[in-house]
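J.: Take 31 as the starting number for the sequence shown in my numbering and just add one per residue. For each residue, glycine too, the CB sits at the ideal point set by N, CA and C.
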Amino acid sequence: MPAHSNLSHCGDDSLDSDFELISPSIGQWPHFEPALRLGVMASGNGSNFEGIQKSISSNALDADIQLLVVNNQGCGAEQRAHRLNIPCQVLDHRQFETREGLDHALVKAFLEADVELIVMAGWMRIVTPVLIEAFPNRLLNIHPSLLPSFKGLDAVGQALQASVRISGCTAHLVQADVDTGPVIAQAAVPVLQDDSRASLAARIQSQEHRILPWAIAIAGLNWRQTI
Ligand code: GAR
31 MPAHSNLSHC GDDSLDSDFE LISPSIGQWP HFEPALRLGV MASGNGSNFE
81 GIQKSISSNA LDADIQLLVV NNQGCGAEQR AHRLNIPCQV LDHRQFETRE
131 GLDHALVKAF LEADVELIVM AGWMRIVTPV LIEAFPNRLL NIHPSLLPSF
181 KGLDAVGQAL QASVRISGCT AHLVQADVDT GPVIAQAAVP VLQDDSRASL
231 AARIQSQEHR ILPWAIAIAG LNWRQTI
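(1) Please state the DSSP three-state secondary structure of Asp133.
(2) Taking only the alpha-carbon atoms, compute the straight-line gap between Pro13 and Asp92 and give it to the nearest angstrom.
(3) Going by C-alpha distance, which of Ser175, Leu177, Val160 and Leu176 is nearest Leu169?
(4) Taking the continuous beta strand (DSSP E) assigned at Gln119, which residues delimit it?
(5) Tell me which residue opens and which closes the alpha helix (DSSP H) that Gly106 is part of.
(6) Closer than 7 Å: is that where the CB of Phe62 sits relative to any heavy atom of the ligand GAR?
(7) Taking the beta strand (DSSP E) that Asn167 belongs to, which residues open and close that run?
(8) Please classify Leu68: does DSSP put it in a helix, a strand, or coil?
(9) Our contact map puts Asn101 next to Ser73 with C-beta atoms below 8 Å; I'd like the distance itself, whole angstroms only.
(10) Provide the residue(s) that pair with Leu98 in DSSP beta bridges, ordered along the chain.
(11) Measuring alpha carbon to alpha carbon, tell me which of Arg129, Glu142 and Val213 ends up nearest Arg155.
(12) Quick one: Cα of Glu238 to Cα of Asp209, how far?
(13) Taking a contact to mean a Cβ-Cβ separation below 8 Å, would you say Val149 touches Ile82 in this structure?
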């Protein structure tokens, strides 16, 4: 139960439920010639992975997903990759003795797939400098909070527990500390009086699906300008 649920309630926040603020606002999509070559990492459902593919097929994001890597065999993201005909590799973290071991395997897979940019789209493992330094400024993460608030696990639950009235999501470049690194894009949404974890997570996720492809375009543009 959110801590603010006992406060007297003035104002009807159901009127605000569609409110969102995206910054930087989504404008003209850049054209990439050749198309950006993407790698994606996912651990679970994979709605962000599919969201990226949807912005590609709708001709907004000028990119191709070369490879999806999942760490949980049979997860939703892997099933989506089969349906979408996108190459998918399983690298089960349980088969590696160290985090670095898994990250070396990730680097090898993405180098072989010749990707330019890697997107952690619901990757629920801590990554190490092995991966971060192999793709400097080319590793993006999406997190369901307005960073630097509510880093780590259960960011949506943390936001409800803290009684914040605005939350959201952040697409950022990955640095060695968990959920830190230069912010590329953020979206803010209201937290409603009667929100559950599920309802707030859904409101945030629909914005993740909008800002993540946009952040990929921005990061891709920055990357292409350096080569
Ligand atoms: C997303 O909400 C993403 O922000 C979160 O996992 C979810 C994955 O959903 N990531 C983290 O919490 C990383 N710290 P999806 O599998 O449907 O894309």
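T.: Reading off the structure:
(1) Start at 1 with the first residue of the sequence shown, and residue 133 comes out as number 103. Note: Asp133 maps to helix in three-state DSSP.
(2) The question about residue 13 has no answer here: the residues shown for the chain are numbered 31 through 257.
(3) Here residue 169 refers to the residue found at position 139 when the sequence shown is read from its first residue. Of the candidates Ser175, Leu177, Val160 and Leu176, the one whose C-alpha sits nearest the C-alpha of Leu169 is Val160.
(4) The residue labelled residue 119 in the question sits at position 89 within the sequence shown. Unbroken beta strand (DSSP E) run through Gln119: Cys118 to Val120.
(5) The residue labelled residue 106 in the question sits at position 76 within the sequence shown. Annotation for Gly106: the continuous alpha helix (DSSP H) segment containing it runs Gly106 to Leu114.
(6) Working through the sequence shown from its first residue, we reach residue 62 at position 32. Flag unset: Cβ of Phe62 not near the ligand GAR.
(7) Taking the sequence shown and counting its residues from 1, the one referred to as residue 167 is at position 137. No beta strand (DSSP E) contains Asn167, which DSSP labels as neither H nor E.
(8) On the sequence shown, residue 68 is found 38 positions in, with the first residue counted as 1. Strand at Leu68.
(9) The residue you call residue 101 lines up with position 71 of the sequence shown. The residue you call residue 73 lines up with position 43 of the sequence shown. With 8 Å as the limit, Asn101 and Ser73 qualify as a contact, their Cβ atoms being about 5 Å apart.
(10) Your numbering for residue 98 matches position 68 in the sequence shown. Paired residue(s): Val70 and Cys118.
(11) Residue mapping note: residue 155 aligns to position 125 of the sequence shown, counting from 1. Of the listed residues, the one whose Cα sits closest to Arg155 is Arg129.
(12) In the sequence shown, residue 238 corresponds to position 208, counting from 1. In the sequence shown, residue 209 corresponds to position 179, counting from 1. Cα to Cα, Glu238 sits roughly 15 Å from Asp209.
(13) Within the sequence shown, residue 149 is the residue found at index 119, counting from 1. Within the sequence shown, residue 82 is the residue found at index 52, counting from 1. It is a contact, given that the beta carbons lie within the stated cut-off.
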